[in-house]
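Following: one structure in structure tokens, then a few remarks.
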Amino acid sequence: MRIAVGQMEPSVTDVDANLSKVKSLLKEAEGNQVDVLVLPELCNSGYVFENLEEAESTAEDIPSGIFSKELLTWSRKDRLVVAGICEQTPEGLYNSAAAFAHGTHSITYRKIHLFLNERDWFLAGNEEPPVIEFMNAKFGVMICFDWAFPEMARILTLKGAHVILHPANLVLPYCQQAMVTRSIENSVYTATANRIGTERGIEFSGNSQITNTIGTRLATLSEEEVGIAFIDIDPQEADNKCITKRNHVIHDRRPDVYTRLTKSD
Ligand code: ACM
């Protein structure tokens with residue numbers, strides 16, 4: 000199975016420009032026979048809004064919006080694509096990741112850990128992160144700042160994810176390294192698709208990456224590159240959770256001692 004991360008520089012509020020940037024990543028992925036593609040967080044809208052009206056002006060319904068339709072069309076040829084979308088719903092906006100597989104909309108995950116000013120325009124999701132089945136493998140989805148909460152990758156692993164798909168607009172410099180750790184502690188692949196550029200004074204770090212189950216970076220893009228990076232993987236390698244001959248990262252857990260984790264303070 001060939002998996003890719005796409006890296007781009009969205010322009011804040013310029014939906015038409017963003018659509019053409021996304022189309023060119025879809026084309027590059029198609030030309031390279033990619034089966035599974037991850038695109039950055041909020042790739043339809045840009046990130047640094049100045050007010051709610053700006054965010055609303057870019058948002059779309061999933062799956063009837065123009066980005067959703069484009070992604071759905073790309074997925075028709077037995078492909079899976081997950082992309083970050085500024086989502087309009089009757090109750091308000093969400094920072095969402097939508098997955099399209101085999102020409103249908105399969106899931107929408109609404110980011111539960113909002114970063115900085117995201118709280119001013121987005122509602123927080125309240126659902127556990129989802130897993131999608133595709134080509135006999137399972138793909139978990141989380142968004143950007145979810146990286147800072149290791150519970151997210153663990154929940155996805157416990158739900159059977161072989162690969163964690165991770166649309167991002169990374170600001171803090173720690174995530175790429177943290178995702179290496181998420182891979183190792185869960186024995187899963189991860190694919191982080193980040194954006195590049197500086198938007199209204201906020202710098203994004205690029206360096207999109209795909210890691211394997213022991214934290215090796217299999218494919219990377221630089222801080223400034225636009226385009227895709229891809230690699231062929233065997234997702235079933237993530238079924239092996241043995242970190243030594245006698246240690247299993249799931250079976251060796253001690254939830255009886257972890258009761259504090261389910262309390263909120
Ligand atoms: C982030 O969650 N976009 C930093």
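When we follow numbering that gives the first Met the number 0, the leftmost residue of the sequence shown carries the number 0, and every step to the right adds one. Positions of the beta carbon are idealized from the N, C-alpha and C atoms, including for glycine.
Cys-79 beta carbon near the ligand ACM (any heavy atom closer than 7 angstroms): The sequence shown places Leu at residue 79, rather than the Cys named in the question. Result no, Cβ not under 7 angstroms from the ligand ACM.
Whole-angstrom C-beta distance between Gln-176 and Thr-191, which should lie under 8 angstroms: Actually they are not in contact, since the Cβ atoms of Thr-191 and Gln-176 sit about 11 angstroms apart, beyond 8 angstroms.
Cβ of Tyr-257 within 8 angstroms of any chain C Cβ: Absence of chain C from the displayed structure is noted, only one protein chain being present.
Given Ser-74 as reference, the closest of Val-179, Pro-89, Ala-58 and His-101 once Cα atoms are compared: His-101
Val-187 versus Ala-152, Leu-18 and Ala-123, residue with shortest Cα-Cα distance: Ala-152
N-terminal and C-terminal residue of the beta strand (DSSP E) that Phe-99 is part of: 91 to 100
Assigned exposure category for Leu-287 - 16 Cβ within 10 Å defines buried: Residue 287 is absent from the structure shown; the chain starts at 0 and stops at 264.
Residue range of the unbroken beta strand (DSSP E) whose run includes Lys-137: 136 to 140
Cβ contact check for the region 216 to 228 and the region 3 to 18: 3 or more pairs under 8 angstroms: yes
Straight-line Cα distance separating Ser-263 from Val-37: 32 angstroms
DSSP state of Ile-227 mapped onto helix, strand, coil: strand
Pocket of the ligand ACM defined by Cβ to heavy atom distance under 5 angstroms: Phe-114, Cys-143, Phe-144, Asn-168 and Val-170
The alpha helix (DSSP H) enclosing Thr-180, as first and last residue numbers: 174 to 185
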